[in-house]
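Position 16 of the sequence shown, counting from 1, maps to 158 under my numbering, and the rest follow consecutively.
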Amino acid sequence: MSLEQNTIVPPSAPSWSAGLPNQISSPDGISAEEVAHFIKAGTKAPGKDYIVIDVRRTDFENYAIPGALNLPAHSFYATRAGAVSVLSHIPLVIFHCQSCGSATSRGRKVAAYYQDALDEKDIHTSKALYLEGGIKGWVEKYKEDGELTVKL
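Written out as structure tokens, the structure reads:
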């Protein structure tokens, strides 16, 4: 028997969303340029017209968008009713994770869970969006701009 045959491969960890229902909605993306524009121009007030929700958990490191709230994806579904009660007066709720690259990314899935909760309650005062490119894309563009990016 070779060493390779005796090697035990640990099972891969389940996805953070294992066991959660599939999301129904499919929120739109918003570009980093558009978000950066209304932050810099002051055309939208944070906490009133928009809010950025960072859904990273253990990878919440290095950089953040100023004023973003950290609501980790891992616990969002269980607390979505509370999130809706707190955030539903804000027209644009922008979610992001590391990259938001695929439909199964944390940012996009959590945005969908938030939008689904709004839809279930027939709330039209708020809309979920995801940040195209996530924090990686944001940092590539705005790493050196202290008004748009905070080094942690």
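No residue lacks a Cβ here, since even glycine has one placed at the ideal position from N, Cα and C. Computed from a predicted model, the values in this text were never measured in an experiment.
Under the rule that a run must span 4 or more residues, the alpha helix (DSSP H) segments found entirely inside the region 235-293 read 248-262, 276-284. CA-CA distance, Lys-182 to Ser-167, rounds to 30 angstroms.
Of all C-beta pairs linking the region 230-243 to the region 169-189, three or more are shorter than 8 angstroms, placing the two stretches in contact. With the rule of 3 Cβ pairs closer than 8 angstroms, the region 248-267 does not count as touching the region 279-289.
Ala-206 carries a strand assignment under DSSP once its states are collapsed to helix, strand and coil. Per the coordinates, the alpha-carbon of Leu-162 lies some 18 angstroms from the alpha-carbon of Arg-199. Excluding its 5 nearest sequence neighbours in each direction, Ala-210 has C-beta neighbours in its own chain below 6 angstroms: Val-194, Asp-196, listed in chain order. Taking 8 angstroms as the upper bound for CB-CB distance, Gly-276 and Gly-249 are in contact here, some 6 angstroms apart. Taking every protein chain shown into account, the CB of Thr-185 has fewer than 16 other CB atoms within 10 angstroms, so this residue is exposed.
Around the beta carbon of Leu-294, a 10 Å sphere encloses fewer than 16 other beta carbons of the protein chains shown; the residue is thus reported as exposed.
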